[in-house]
Amino acid sequence: MEQELSRKKKQTVLLMCRDIPVINPENPARFCEELAFFDTESQRSFVTERIAKKLGVKVQEEILSIAAFGASSPIDRKS
C-alpha cells in the first residue's frame, strides 16, 4: 500500500545548476553564459557541441561510460 501511495505522489527533485561564464582559455574574448549542471561525483567536465562552436574550440569524440543510480552496470555512449 505504501509503495502505491509513493508512486502517485508528485516528487520534487533539486539539481545543482547555475548560469556561469564559459570561456575559451586560448581566446578569452570568446565567451558565453550558459546553464551548468554540477555533478560532485563526476570525473570530467563536458560542454555541448553548440557551446564548443560558440567558443571556437575543437570537438573531440569520446566513449563515455554512464552509470545510473541503481544500475547493475554502466552503459557506453559515444559523445
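3 is the number that full-length UniProt numbering gives to position 3 of the sequence shown; each next residue is one higher, with no gaps.
From the three backbone atoms N, C-alpha and C, an ideal C-beta is built for every residue, glycine too.
Keep in mind it's a predicted model, so treat the numbers as computed, not measured.
Taking a C-beta distance under 8 Å as the contact criterion, residue 66 and residue 75 qualify as a contact pair. Comparing alpha carbon positions, the residue from 73, 34, 16 closest to residue 41 is 16. For residue 21, the beta-bridge partners assigned by DSSP are 33. Assigned with DSSP and collapsed to three states, residue 50 falls in helix. In this structure, the CA atom of residue 59 is about 19 Å from the CA atom of residue 29.
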